[in-house]
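Okay, so here's the structure we're looking at.
Number of protein chains: 2
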Amino acid sequence: MAVMPQDPQIAGAGALLAILRDGRARTRAELAQLTGLARSTVSQRLDALMQDGWVVATEDAISSGGRPAAAFVFNESVRVVLTADLGATHARLAVLDLGMSVLAERAVELHVDRGPRDTLGRVVAEFETLLAGLGRELAQVCGVGVGLPGPVDHGTGRPANPPIMPGWDGFPVPEWLGERLGAPVLVDNDVNIMALGEHWTVGQDTDHLIFIKIGTGIGCGIISGRRLHRGAQGAAGDVGHIRAVLADGGSAGDAVCRCGNIGCLEAVASGASMAAELRAQGVAADGSRDVVALLRAGDTRAARLIRQAGREVGGVMAAIVNFFNPSVIVIGGDIADAGEHVLAGVREAIYSRSLPLATQHLTIRASRLGDRAGVIGAAAMVVEHVLAPDMIDQSVQARAVDPAAPVG
Amino acid sequence: MAVMPQDPQIAGAGALLAILRDGRARTRAELAQLTGLARSTVSQRLDALMQDGWVVATEDAISSGGRPAAAFVFNESVRVVLTADLGATHARLAVLDLGMSVLAERAVELHVDRGPRDTLGRVVAEFETLLAGLGRELAQVCGVGVGLPGPVDHGTGRPANPPIMPGWDGFPVPEWLGERLGAPVLVDNDVNIMALGEHWTVGQDTDHLIFIKIGTGIGCGIISGRRLHRGAQGAAGDVGHIRAVLADGGSAGDAVCRCGNIGCLEAVASGASMAAELRAQGVAADGSRDVVALLRAGDTRAARLIRQAGREVGGVMAAIVNFFNPSVIVIGGDIADAGEHVLAGVREAIYSRSLPLATQHLTIRASRLGDRAGVIGAAAMVVEHVLAPDMIDQSVQARAVDPAAPVG
């Protein structure tokens, strides 16, 4: 969005909307009292917010004895958010309103190895189909959130040397999608957006949460102080390459990892490593889903591997609990579908190696959102961005300059 | 402070001061433009800030062609901060201004095992001596920061089952000191305030920093997103009880730790464990300072132990680097005085076991503040608290109600 002259009388509209985001209707007088602003300033900012669609006057005005006063409320359905959670071979897409309700969603087969233009072109087409089904238009989209199965540079939203995404390195995902969808696009890696989704589900009063995904690989997303901790290079959460250690201090083996080191957690406890181990034992197993399917079919070799993987993941998480002291650990990814078979080992290792103070109120559980964690988390990321006071200020300023511009 | 009726015309004074904290002088017109507030509101808030001493009119008014306009500037010297960093047997005390300049400081012998009243009574007396030497009064103290050598409940500022502080469990340190010093008192554990001090030194543009203290025990302080990460129970940073592991995956021994587990980092790599190992070899060594003194005197046994401790600390930090992706790791505590003898092992283990993306811009170095990290960090904690907009609002409101009240 181009820089434009600021109208100071409406520049604080975003702060006013931040007050109204809780969904309560308020009068001009109440807003003036809450902010210390002059009534005339409040009126000007409300006008700007209404013109831009963020706020509506409620039908029932509020009466306090005398003449009923008009009241104003946040309009969470006027705009929508589009989100896409891309895996190696499958994607989930959704349309949500600003109150985080899922209006429509869809899971499709989509191979990221076909390159960014093919893949993202398909994402755009799926979004258009979902919007059409809702009777909504692109002009109502205020933001787009995308999760990618690889490292993403947070500042630019571009993939950074993603190992399983040929052709994507440095591709300008936000710009490419933004041109076609006409809204700001935020991109992060899939584990980070899943962590945001799980955090949104447990509630905003949970300050510190760790989401660990055990699938083909192993990685985690970290919430510190209610915000995503991405780390200095956006590399935080790469727990798959921590050396696995058992609770009794023994080495967890010397398997060579794809990173070149030996004994990495991912090389001994991931879905890929368990499937490889089963194949070495003559059992047909292609990936993490097969390992869980074998467990469910009563295969004791798969059960033993999954329980052992739980202990190995728990051994690494025990160290992280001592370091980070989270209040919630959520286990997701395909292997989390093994339920207590994997959770038991995780808990056992954490309780035996972490300090009592750090574990007494610690919740360790499987994901409740499952496959939807990504699209929910991407929406939470977009809503926080779009409703940030300075973004709202930009939006209402743009409309003040060009009242015919599309909303968003 | 009692709840009092809010005067909305001055309730935003804190936000005005936040703008002036950068030290630049500004006119009423500039402040009105920056905030979008009416000139009359800016004037009322400036009056309240000046009456309360936070802001002064500069002598040189700013001219922009016409009549020179009065300009206003943050008054960082009108109030002072008192800080105390208590160790088991020694304490460091300091007086700083709001610009973080140390005006006076003192190191004294002080044994926390004499209980809270004796210890804190001595702290109050030392503060009074330092203030008298500066010609300052208690009425000018706007906040007090204290670091204690044990776990502290962050919400209440009370020690929580501190192992080396008999009689301190649950003692109301903030209230006891607050009554005698007449200012808000913030308390945290010593490693957390040292981390704040190191972070203040490296600069506010460093988002993620880990400070690890290797002394009698081993612990760390964590800065995530420029803020202290204390964890859900305030137990974050307890890396001393992570199982030590060598870079080659071997177990680091089965020494029994004081926590009851075996093979903890603290049981193999702390100053206490190294001194015990030297005594077992017939070398006189009481604690961590003796181990470093032996190294400096050319004792090869001490040198070997310290280098090995560096590798063991590095093995644990390698996992933490993969998980947390900090941009700076600072090593402090007595053993850090061994310099490259300990840093070499830390670096070796981190570079061999952490992913290249996380280490390419990682700085690993010894503390620059040394023994002063605690008093500097405690002051940073207090200044952030005291100058927070809502605290300033409370202060100016109190003065509006009672203009004769002491500043602070």
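Taken in order, these protein sequences are the chains called A and B. Take any residue in the first sequence, count from 1 to its spot, add 702: that is its number in our numbering. Take any residue in the second sequence, count from 1 to its spot, add 702: that is its number in our numbering. We put the beta carbon where it would ideally sit given N, CA and C, even for glycine.
*asked:* Which residues does DSSP list as the beta-bridge partners of I925 (chain A)?
replied: A:L911, A:L930
* To do: Return helix, strand or coil for N963 (chain B), following the three-state DSSP convention.
  => The DSSP-derived three-state label of N963 (chain B) is coil.
Fill in: Collapsed DSSP secondary structure at I712 (chain A) in the structure displayed
coil
Are the C-beta of R928 (chain A) and some C-beta of chain B separated by less than 8 Å? no
query = For L788 (chain B), does the three-state DSSP call read helix, strand or coil?
reply = The answer is strand: DSSP assigns L788 (chain B) an E or B state.
By how many angstroms is the C-alpha of H792 (chain A) removed from the C-alpha of R1013 (chain B)? Rounded to the nearest angstrom, the two C-alpha atoms are 43 Å apart.
- Message: By the DSSP assignment, the alpha helix (DSSP H) with G845 (chain B) in it spans what residues?
- Response: Taken as a continuous stretch (DSSP letters only), G845 (chain B) belongs to no alpha helix (DSSP H), being part of the beta strand (DSSP E) at 843-850.
* Closer than 7 Å at the beta carbon, the chain A residues around V941 (chain B) -> For V941 (chain B), the neighbours in chain A by C-beta distance under 7 Å run, in chain order, N1024, F1025.
Please compile the residues from chain B whose C-beta is within a distance smaller than 8 Å of the C-beta of P1028 (chain A). Within chain B, G933, A934 have C-beta atoms less than 8 Å from the C-beta of P1028 (chain A), given in sequence order.
Check: Looking at chain A, which residues of the stretch 1049-1071 of chain B have a Cβ within less than 7 Å of any of its Cβ atoms?
Finding: Per Cβ criterion, the list reads R1055, L1057, L1059, A1060, H1063.
- [ ] Could you pull out every residue in the same chain whose Cβ sits closer than 7 Å to the Cβ of I1052 (chain B), ignoring the five residues on either side in sequence?
- [x] G1016, M1019, A1020, V1023, T1061, I1066
| message | Can you check whether the C-beta of H910 (chain B) is within less than 8 Å of a C-beta belonging to chain A? | response | yes
Notebook entry, point to check: Any residues in the stretch 957-980 of chain A with a beta carbon nearer than 8 Å to a beta carbon of chain B? Which ones, in chain order?
Noted result: C961, N963, I964, G965
Can you confirm whether A1082 (chain B), when its beta carbon is compared against all beta carbons of chain A, has any partner nearer than 8 Å? no
- Who are P886 (chain B)'s beta bridge partners in DSSP? Looking at the DSSP output, P886 (chain B) shares a beta bridge with no other residue.
*How about A715 (chain A): is its C-beta nearer than 8 Å to some C-beta of chain B?*
no
(request) Indicate the three-state DSSP secondary structure (helix, strand or coil) for N891 (chain B) in the structure shown. (result) If DSSP states are grouped into helix, strand and coil, N891 (chain B) belongs with the strands.
Inset, instruction - Under 9 Å between beta-carbons, which chain B residues line up against V1015 (chain A)? List them in chain order, please. - result: The contacting residues do not exist; V1015 (chain A) stays about 13 Å from chain B at best.
* Are V782 (chain B) and L795 (chain B) touching if we call contact CB-CB under 8 Å? -> no
Discussion item. Count Cβ pairs between the stretch 839-850 of chain B and the stretch 1079-1094 of chain B that sit closer than 8 Å; are there 3 or more?
Written reply: Touching, yes.
For the stretch 1026-1070 of chain B, which segments carrying the beta strand (DSSP E) assignment without a break, of at least 3 residues, lie completely within its bounds, in sequence order?
1030-1034, 1065-1068
Does any CB atom of chain B fall closer than 8 Å to the CB of R1101 (chain A)?
no
request  = Check the Cβ of A937 (chain B) against every Cβ in chain A and list those closer than 7 Å, keeping chain order.
outcome  = N1027, L1057, L1059, A1060
(Q) Only counting the same chain, and skipping five residues up and downstream in sequence, which positions put a Cβ closer than 8 Å to that of G681 (chain B)? (A) Within the shown structure, residues of chain B are numbered from 703 to 1110, placing residue 681 (chain B) beyond reach of any answer.
Report task. Pick helix, strand or coil for A750 (chain B), following the three-state DSSP scheme. Result -> helix
Q) Are the beta-carbon atoms of A727 (chain B) and V775 (chain B) separated by less than 8 Å? A) yes
Would you grab the beta carbon distance between T908 (chain A) and R1070 (chain A) for me? Rounded to a whole angstrom, and I think it's under 8 Å.
No, T908 (chain A) and R1070 (chain A) are not in contact; Cβ-Cβ is about 13 Å, not under 8 Å.
inquiry  = Report the start-end ranges of each alpha helix (DSSP H) in the stretch 712-737 of chain A that is 4 residues or longer and not cut off at the edges.
reply    = 715-722, 730-737
Check: Span of the alpha helix (DSSP H) holding R819 (chain A)?
Finding: 818-836
Identity of the residues DSSP links to E811 (chain A) by a beta bridge: A:H792
Margin query: Check this for me: beta carbons of G927 (chain B) and G857 (chain A), under 8 Å apart or not?
Written below: No; because the gap between Cβ atoms is not below 8 Å, this pair is not in contact.
For this session: Determine the contact status of A969 (chain A) and A977 (chain A), defining contact as a CB-CB distance below 8 Å.
Result: no
- request: Check whether the stretch 1029-1041 of chain B touches the stretch 890-904 of chain B, taking contact to mean three or more Cβ pairs, one atom from each stretch, closer than 8 Å.
  value: yes
(message) Can you confirm whether the stretch 746-757 of chain B touches the stretch 810-821 of chain B when touching is taken to mean that 3 or more C-beta pairs between the two stretches lie within less than 8 Å?
(response) With a cut-off of 8 Å on Cβ pairs, the stretch 810-821 of chain B is not in contact with the stretch 746-757 of chain B, counting fewer than three such pairs.
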